[in-house]
Structures are given as C-alpha cells and as structure tokens.
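What follows is a short report on a single structure.
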Amino acid sequence: MAESDNIVVETAEKIFADLADPQTINNDKKGSWQAPLWQALSEAGLPLSWVPDDLGGSGASLADGFALLNAAGRFAVAVPLAETMLAGWLLAQAKIASPEGEMTVLPASPKDRITVDADGALSGRCRGVPFAKAAKHFAVLAHGKDGVAVALVDASKARTESGLNVGYDHSDTVTLDKVQPITIKAASGVDQTNLMLMGGVVRSLQIAGALESMLDISVRYSNERVAFEKKISKFQAVQHNLARLAGESAAALAAATSAADAIANAKSFDDEVYLEAAAAKIRCAEAAEKGGGIAHQVHGAIGFTIEHILHRFSLRALAWRDDFGSESYWAVELGKLVASRGADELWPLVASR
Amino acid sequence: MTAALRFDPIRLPEKCEQLRKEVRAFLAEEIAAGTFDPHKPNREDTDVPEFSRKVGARGWLGMTWPKKYGGQERSFLERYVVTEEMRVANAPTRRFFVADRQSGPVLLKYAPEHIKMDILPRICRGEICFAIGMSEPNSGSDLFAAKTRATKTDGGYLINGTKIWTSSAHIADYMIAIFRTSPPTKENRRHGLTQFLVKMKQPGIKVNPIGQITGQYEFNEVVFTDFFVPDDHVLGEVDGAWKQATSELAYERSGPERFLETYYVLTELVRAVGPNPDTRSAEGIGRLVAQLHTMRRMSVSVAGMLQAGKEPVVEASIVKDIGTVWEQQLPHRVRDLAAFVEETATNRETLERQLDFAIKTAPKLTIQGGTTEVLRGIIARGLGLR
Numbered sequence: 001m002a003e004s005d006n007i008v009v010e011t012a013e014k015i016f017a018d019l020a021d022p023q024t025i026n027n028d029k030k031g032s033w034q035a036p037l038w039q040a041l042s043e044a045g046l047p048l049s050w051v052p053d054d055l056g057g058s059g060a061s062l063a064d065g066f067a068l069l070n071a072a073g074r075f076a077v078a079v080p081l082a083e084t085m086l087a088g089w090l091l092a093q094a095k096i097a098s099p100e101g102e103m104t105v106l107p108a109s110p111k112d113r114i115t116v117d118a119d120g121a122l123s124g125r126c127r128g129v130p131f132a133k134a135a136k137h138f139a140v141l142a143h144g145k146d147g148v149a150v151a152l153v154d155a156s157k158a159r160t161e162s163g164l165n166v167g168y169d170h171s172d173t174v175t176l177d178k179v180q181p182i183t184i185k186a187a188s189g190v191d192q193t194n195l196m197l198m199g200g201v202v203r204s205l206q207i208a209g210a211l212e213s214m215l216d217i218s219v220r221y222s223n224e225r226v227a228f229e230k231k232i233s234k235f236q237a238v239q240h241n242l243a244r245l246a247g248e249s250a251a252a253l254a255a256a257t258s259a260a261d262a263i264a265n266a267k268s269f270d271d272e273v274y275l276e277a278a279a280a281k282i283r284c285a286e287a288a289e290k291g292g293g294i295a296h297q298v299h300g301a302i303g304f305t306i307e308h309i310l311h312r313f314s315l316r317a318l319a320w321r322d323d324f325g326s327e328s329y330w331a332v333e334l335g336k337l338v339a340s341r342g343a344d345e346l347w348p349l350v351a352s353r
Numbered sequence: 001m002t003a004a005l006r007f008d009p010i011r012l013p014e015k016c017e018q019l020r021k022e023v024r025a026f027l028a029e030e031i032a033a034g035t036f037d038p039h040k041p042n043r044e045d046t047d048v049p050e051f052s053r054k055v056g057a058r059g060w061l062g063m064t065w066p067k068k069y070g071g072q073e074r075s076f077l078e079r080y081v082v083t084e085e086m087r088v089a090n091a092p093t094r095r096f097f098v099a100d101r102q103s104g105p106v107l108l109k110y111a112p113e114h115i116k117m118d119i120l121p122r123i124c125r126g127e128i129c130f131a132i133g134m135s136e137p138n139s140g141s142d143l144f145a146a147k148t149r150a151t152k153t154d155g156g157y158l159i160n161g162t163k164i165w166t167s168s169a170h171i172a173d174y175m176i177a178i179f180r181t182s183p184p185t186k187e188n189r190r191h192g193l194t195q196f197l198v199k200m201k202q203p204g205i206k207v208n209p210i211g212q213i214t215g216q217y218e219f220n221e222v223v224f225t226d227f228f229v230p231d232d233h234v235l236g237e238v239d240g241a242w243k244q245a246t247s248e249l250a251y252e253r254s255g256p257e258r259f260l261e262t263y264y265v266l267t268e269l270v271r272a273v274g275p276n277p278d279t280r281s282a283e284g285i286g287r288l289v290a291q292l293h294t295m296r297r298m299s300v301s302v303a304g305m306l307q308a309g310k311e312p313v314v315e316a317s318i319v320k321d322i323g324t325v326w327e328q329q330l331p332h333r334v335r336d337l338a339a340f341v342e343e344t345a346t347n348r349e350t351l352e353r354q355l356d357f358a359i360k361t362a363p364k365l366t367i368q369g370g371t372t373e374v375l376r377g378i379i380a381r382g383l384g385l386r
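These protein sequence lines map, in sequence, to chains A and B.
First residue of the first sequence? That's 1 in UniProt numbering, and the numbers climb one at a time after it.
First residue of the second sequence? That's 1 in UniProt numbering, and the numbers climb one at a time after it.
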C-alpha cells in the first residue's frame, strides 16, 4: 500500500506528513507536536472513522479505516488514533454514540476480563491498556449474567496506573471498581475474542506500516553510508540482509492487508476470519522481530541512538506485538482450532479464500 | 518510498471454488482407484503417464492458453487452484508440471505457428513431458556462462556439450534449452545464447542418470554429440535468450509449489497430536499454519497481479525466497514437535517415513529454479541497491 488509494488515506497522509514527521517529533523533547496533530486528525474526523454518522462519527468503511491505520504505522504515529478508532468501532457494535476526544478500549488483552453486576456497575483490572492515561473515555467490553455488554465509561472514574511499553508509549493498568458507566447496552454481534482479533489486525497493519518505513530508511541509509571506500549497499552481505528485510516487510504487509480485507468483507467472525486475523498477528509479530533486527544491523551504531528515528519504528513495532494477545497466545489458540478441526480440515481452511 | 512492494489482498473468484470442488472430487476418485497414494510424498521417480492423460482430459493442462492450441482460456487464478490442490494431494504431476508451467508458455511466445499447433495440444492432452536445459557442469546460477555450443549448419544447428541437473530428462519427450550461438561481447556478457526446442530420445543425445541424496534418480546429465536441431526449433531471437529469460520468472517463482513441497508433514503432525494438543504442540502448529497462510496469501496475490497484466518480478522472488526457506525448515520444525507425540498415535509410522523423506528432500528446495542467493540479488536490485 505504498500509494494512497482513497480520500481517507490521502487526508491522513497529508496530516501525518505535515504534523507527524518522525524526525521533527524525535527532535521535539517537550512533546509539543501532540496537540496540533490530534487536533488536525480530529478536525478531519479520522479518530471516529468507524463510527456511523448517526452515532457521531464520520462513517468511513472498515477497509478505508484499515488502510488509514497502515499509513499511521508508516509514520509510527504515537497518538491514540488506532485506539480511538477501535473504541468507536466497539461502541458502534452496540449502537452507542461516540463522544469527542481520545478513547481506548478495555480489555486490551485476552486474559483480562471486565464484569458487569446486577446494578450495571463495572469491575475488573486490565493490564497493558494502550494510551489509557491520555483517554477521556473508555469503550468497555464486559461480561454479565445476560452475556456480553458494551459500555462507555468516563476515564476519570477508573484508577489508572501509568506504564510505558518498549516503544515509550503509554501502556497502563486500568482498574474499574464498581464503576457506573455513562451508557451500557447488550451487544449481540461482538464478543471478547472478536475484539481481540480486530485489535490484533489493527496492530498488524501498524507493524506492517512500520516495517515498510524501516525498509525504506534502511535502503536509503545503505545508499549513503560509506565504509571500506564504498557505499555499504554494494556489499553483498548487506544486500542480502536488506532482501530479507524486504521479505519480512512483504510478509507483514500481505498478512495484515489480507486479514483486514477478510474482516471488511466478512459477515461474521467465522473460522476463516479467525485464521486470517490470528495469522496476521502471529506473522507480523515475527516480522517485527526479524525485520526490525535487520534494520538495526544495517544502521550500525547510529540506529541505536535516541537521536536517530529508527527506534520510533523498530521499538513501536515490537511493542505492538504485545497488544490484544501476543503472537504466542494466538499461536496456541490457532493451533488448538486447527487440531480440533482435524488434519484433513487444515488445507480446506487454509485454501478457503 | 524506495521500495513500493505490493501484495494486493486478492480473493479467489467464485468460479475457482467450483473448480476446486471438481479437482478434489477427481483426486479422491483417483486415490480410491489406487492411481497414487496421498500419504506418499510427490515421489519424483514415480512416473504415472495415465494420470497425466486423465488430467489433460479434464482440461486442466494449458488451461490459460488459447483454445486453438488446446487450451481453455481460463484465468491464472483457476490454474492456481488446480496446481495447489494437486500438490497438497501429493498427486504425481511430474510428467506434465514443467510443460504446463514453463515450457508451454515459452513455446506460445516464441515458437513458429506450425510447432505450436503440433506440440501445445499434446501438452494439453497430457501426452508429453518436458525438461529444462539450463545448468551445465560449470554454469549453474551463472546461467550466462553456458558453453554448450550450437554451430550453424545447413538447415539448422549442431549441438555439442553437456547439460546437467536436468530433471525428468530420462522420460522427457522435449527439452527447452539454451545453447551458445556466439561468444559474449565485451559490452554484454549475457549476449550470445539462444533458446532452442530439442526433441529428445534421438541419436546424438545421451541421458545419464544422477543419484540424489534422497535415493532417487530424478535428475540427469544430458550429453549432446553433433546433435542436429532444425532452424524452426529456434525460440525467439538468435543470441538474445537473455532478453527472454526474465519475464517468465514471475510465473515460475511464485506458485504454490514454492512452499508446499513438504506440506504433507504438517498435515500428518496435526493428525498425530490429535484434537487436544498440549500447549507446546498447539503453539508450534499455530505458528506454522500462520506462516503457511501468509505465504499462500502472498502467492495468490502475485497470481492475481499476473492475471491483471502486471509484472511483479520482485514480489515473485520474495515469495520464492521466503517460501522455499520455509518448506525447507518445515520438516525440522515438525520433527521438533513430533518428539513428544504419543507412541500410540495411529499414524506415527507414516509421519516418521514422511519426515525421513522430507528431511532428505529439504536441501534442494533453496537451490532448484534459482538459488536463495540469486533471488536475494534480484530483490536487492529491485530495492535499488545494485
């Protein structure tokens, strides 16, 4: 997805180019880039892309939203754009209108669970919640006696302990202790697994985008840096490393866009969608490790400095592996699904699309 | 962006799914009739001529070619479905696979009309087998170092020299080979090679089998001694084979055969661990399936781009690089995971026999049809590094 295919992505890319330039952000120690970037994104209606018009959003398609998140990954965007989009999507599944401002989703890990009691109050503890500190509202998926509910919660009603992921972005622990939501509604079309798969595909697209940029800046650097009296891009060892990085970037892109396409065109989260989404998270996480490692190797010591922009992509890609279920988690779950379907049903599953 | 790699999420059209059902039903019938054993890996030394003719009769050979040459004018995506179903079933495809994938398209592009009318319909009927004469004893990855000479004589050329590692040469009816018609020039070391159609099983050609580490005799040395090739068997431009070689590579490099060669061990592992695997087996299987799925989606994507008339040469090379490395490692990963399979697993013996064969097969996978090193060079060129 090197070229923008639609107006949503074009709008986003223009904003990113103007206000989320990685080098400018990297030089700005005070974080003064954050507010103007968020404001521009909000004015363009992008954080609520997946919220229909009648629920306060801009009503973009799932496909356009996914493409936008791939672009956000290419810029290693570090404001809660993906999280707010996902929160808006979750709320819309229960026809709850989205408020303005930053949001994130609870839970953000398949192991955590929020419960709803008879009075409609929410309780539970969620670890690794991306951008919880920045969020004004939480979109919560909760389990009650009557099944799954989706709720909108005022973030100030929760206790949030600050934390940072390996990419230096907020990844916080949120505790709800009998918190009364602003709105709560039963949800029929979504459950926690679906939310994790959706979040996993979002992260996969961001990782794929970050890898595209890591490939790009690594190729450029190798064509500039001279060692042993020639550009390092002329050494076969470096060329082959970069070819492998291209392979990892390609695999991540293919896995992530395929899963996004599957979700955007599916009627429900069936086994085929499960395979697509779980496989994307697993393969993109593997690519983040292998590809990011090569990007660093090509850059040498300069890529290890805080001044260089490489870490904005490499560390974030590694951090994104952890959200909405790590690759190990999804591998176990996918393995169980494959085993339960039986050996002779593996190929029909793989060849389903 | 310096590197604009594209992998559009191609979805197979509905008609492919109908075709897939037909292919599966056909393969099930052939297995039931004992034509081949799906639990035996695609044994390359097993030649099953009647299977080729049956596949041809179904219209599944040369299926993208024009009807006047016996083809079906169907899409690359439909061909893709047939190819992957045959691979996964371990069907004996060796007799027709090269002709269908590679030789036929070369003839379509470069052979004179009367040759096309003669040969292409026979490929489509599954009657003839092709080999590819590229490598020589001192010219493997460095294709343009080929020395086997084609010397102009009355009405044609006389061939002298040796091709090597030539798969299926011992059963092939034809070979498409490159021979040296002129020396390379100072400006262009790739100049001087010409592509020829060679009719096998004639005096002047000697095929010597070469034993492989799998215990098979699937590739050969082919020695030409004053072997005559008529003028109308020249394919394309004399001295200009180098211009013709590259565009076909995308077809050759990105197909399902580039990651499914050892797939059977994964199926058998899933059978061996049963419906309730432990965490270790589940994680291992999950990762392998995720990797397999990703490669297939990449490969289908390239097929879709080819169908749309694009030339995704770098993307195709990436598919082959990643795919062949994966299918090479697969038997070893399955072996890791199989270490704790219950002694009582009913298919334990099958799995062990398959692993034995797959582990012996694995080393060739990153060598045949363009080594990993050559592929990474092509990818590097595509990235603007050379």
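All C-beta atoms in this analysis are idealised placements derived from N, C-alpha and C, irrespective of residue type, glycine included.
Fair warning: this is a prediction, and the values are worked out from it, not measured in the lab.
Going by C-alpha positions, A:ALA72 is about 13 Å away from A:ASP18. Collapsing the DSSP output to three states places B:PHE196 in a strand. Within chain B, the residues whose beta carbon sits less than 8 Å from that of A:VAL350 are VAL289, LEU292, HIS293, ARG296, listed in sequence order. Classified as buried, B:PHE357 has 16 or more neighbouring CB atoms from the shown chains inside 10 Å of its CB.
Around the C-beta of B:THR294, 16 or more other C-beta atoms lie within 10 Å, and the residue is accordingly described as buried. When rounded, the separation of the alpha-carbon atoms in B:VAL289 and A:ALA279 is 7 Å. CA-CA distance, A:GLN93 to A:VAL77, rounds to 26 Å. Rounded to the nearest whole angstrom, the CA to CA distance from A:PHE131 to A:TYR168 is 11 Å. Residue pairing of A:MET103 in beta bridges, as defined by DSSP: A:HIS137. In the same chain as A:ALA60, and ignoring 5 residues on each side of it, the C-beta atoms closer than 6 Å to its own belong to VAL8, SER49, in chain order. DSSP lists A:VAL174 as the bridge partner or partners of A:THR160. Remark: C-beta atoms of B:ILE178 and A:GLY247 do not approach each other more closely than 8 Å.
The C-beta of B:LEU351 comes no closer than 8 Å to any C-beta of chain A. If you ignore the 5 residues before and after B:ALA150, its C-beta comes within less than 8 Å of the C-beta of TYR157, LEU158, ILE159, PHE179, ARG180, THR181, THR194, PHE196, VAL229, all in its own chain and listed in chain order. DSSP lists B:ARG149 as the beta-bridge partner residues of B:ASN160. In the structure shown, B:PRO137 falls within a coil segment according to DSSP collapsed to helix, strand and coil. In this structure, DSSP gives B:SER317 a helical state, which the three-state scheme calls helix. Residue-level contact check: B:PRO41 does not touch chain A, since none of the beta carbons of chain A fall below 8 Å from its beta carbon.
Going by DSSP, B:PRO275 is part of no beta strand (DSSP E) at all; its letter is neither H nor E. Take A:ALA288, set aside five residues on each side of it, and the residues of its chain with a beta-carbon closer than 6 Å to its own are ILE207, ALA317, LEU318, ARG321, in chain order. Counting the other Cβ atoms within 10 Å of the Cβ of A:SER249 gives 16 or more, which makes it buried. Chain A has no Cβ within less than 8 Å of the Cβ of B:GLY236. Counting along the chain, B:TYR80 sits inside the alpha helix (DSSP H) bounded by residues 76-88. Among the bridge pairs identified by DSSP, B:MET175 is matched with B:ALA131, B:VAL198.
As a beta-bridge residue in DSSP terms, A:GLY144 pairs with A:GLY147. For B:GLU17, the secondary structure class from DSSP, reduced to helix, strand or coil, is helix. For B:ALA32, none of the residues of chain A pass the 9 Å Cβ criterion, the least Cβ distance being about 15 Å.
For B:ILE359, the closest C-alpha among the options B:LEU266, B:SER299, B:VAL374, B:ARG297 is that of B:LEU266. Within the segment 82-111 of chain B, the residues whose Cβ lies closer than 7 Å to any Cβ of chain A are, in chain order, GLU84, VAL88.
Residues of the segment 316-334 of chain B with a C-beta atom less than 7 Å from some C-beta of chain A are ILE318, ASP321, ILE322, listed in chain order. Along the segment 58-70 of chain B, there is no position whose C-beta sits under 7 Å from a C-beta of chain A. Ranked by Cα distance from B:SER317, the first of B:ILE10, B:ALA99, B:VAL374, B:THR93 is B:VAL374. In summary, B:HIS114 is exposed, with fewer than 16 beta-carbon neighbours lying within 10 Å of its beta-carbon over all protein chains present. By the neighbour-count criterion, in which a residue is buried when 16 or more other Cβ atoms sit within 10 angstroms of its Cβ, A:ILE217 is buried. Residues of the segment 367-378 of chain B that bring their beta carbon within less than 9 Å of a beta carbon in chain A comprise THR372, GLU373, LEU375, ARG376, GLY377, ILE378, in sequence order. The Cβ-Cβ distance between B:LEU385 and A:VAL226 does not fall below 8 Å.
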